[in-house]
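Colleague:
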Amino acid sequence: MIKVVVAIGLVIALMIDQVTKAIAESNLQYLVRIDVLGKVLGLRYVHNKGVSFGLLKSLGVYNIAIITSAIILLLLFIGNHFKDKLSSKEKFFFGIILGGALGNLIDRLRLGYVVDFIEIPYWPIFNGADSCVVAGTVLLLFLFYRREKSRVGRDNGNES
Numbered sequence: 022m023i024k025v026v027v028a029i030g031l032v033i034a035l036m037i038d039q040v041t042k043a044i045a046e047s048n049l050q051y052l053v054r055i056d057v058l059g060k061v062l063g064l065r066y067v068h069n070k071g072v073s074f075g076l077l078k079s080l081g082v083y084n085i086a087i088i089t090s091a092i093i094l095l096l097l098f099i100g101n102h103f104k105d106k107l108s109s110k111e112k113f114f115f116g117i118i119l120g121g122a123l124g125n126l127i128d129r130l131r132l133g134y135v136v137d138f139i140e141i142p143y144w145p146i147f148n149g150a151d152s153c154v155v156a157g158t159v160l161l162l163f164l165f166y167r168r169e170k171s172r173v174g175r176d177n178g179n180e181s
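Here the sequence shown stands for residues 22 to 181, numbered as in my numbering.
Quick look at the structure:
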């Protein structure tokens with residue numbers, strides 16, 4: 022069952038990422054900002070040769086692809102190791118994280134850069150894959166926290 026739930030999350034994240042990037046590439050002019058919600062949210066199509074949020078551009082595309090691949094393999098190893106301890110929701114969000122990482126790796130290998138297009142003030146331009154990695158991580162950590170809090174509550178209740 023882990024494979025199905027993780028795969029569903031992964032496919033959803035990949036579809037969100039690759040479809041929105043294709044729309045951005047075909048409808049946005051390179052480097053030209055379009056305001057969506059005034060200055061709060063805009064769209065600007067850029068080529069990101071760095072890692073998440075444009076960091077570490079000097080490493081080069083192949084070094085970044087190798088690092089990204091290693092991270093994905095590490096995530097797969099961790100997920101496989103803990104597969105029996107994860108709830109279905111946790112597995113789903115794990116798949117979302119993997120799908121986001123894979124989406125950017127696909128761009129990097131196919132194009133030599135990652136397509137970014139979502140712009141908010143005081144933050145580097147990002148994309149759907151970045152959003153999936155961040156949202157999946159936050160939600161997964163929230164579920165871990167909630168499970169641990171519930172376990173501690175049960176343990177404390179058993180001691181009295």
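Note that beta-carbon positions come from the ideal geometry of N, C-alpha and C, so glycine has one too. In this text, all values refer to a predicted model and were calculated from it rather than measured experimentally.
#1: Would you call residue 114 buried or exposed, if buried means 16 or more other Cβ atoms sit within 10 Å of its Cβ?
#2: Could you round the C-beta distance between residue 116 and residue 29 to whole angstroms and report it? I think they count as a contact, below 8 Å.
#3: For a quick check, are the C-beta atoms of residue 138 and residue 31 less than 8 Å apart?
#4: Just reading off the beta strand (DSSP E) that residue 139 is part of, what are its end residues?
#5: Under 7 Å Cβ to Cβ from residue 173, same chain only, skipping five residues before and after it: list those, please.
#6: Check whether the stretch 58-66 and the stretch 127-143 are in contact - that is, three or more C-beta pairs closer than 8 Å.
#7: Given this structure, state the Cα-to-Cα distance separating residue 144 from residue 122, to the nearest angstrom.
Modeller: Answer, in terms of the structure:
#1: buried
#2: Yes, residue 116 and residue 29 are in contact; Cβ-Cβ is about 6 Å, under 8 Å.
#3: In this structure, residue 138 keeps its C-beta atom at 8 Å or more from the C-beta atom of residue 31.
#4: 135-140
#5: none
#6: yes
#7: 19 Å
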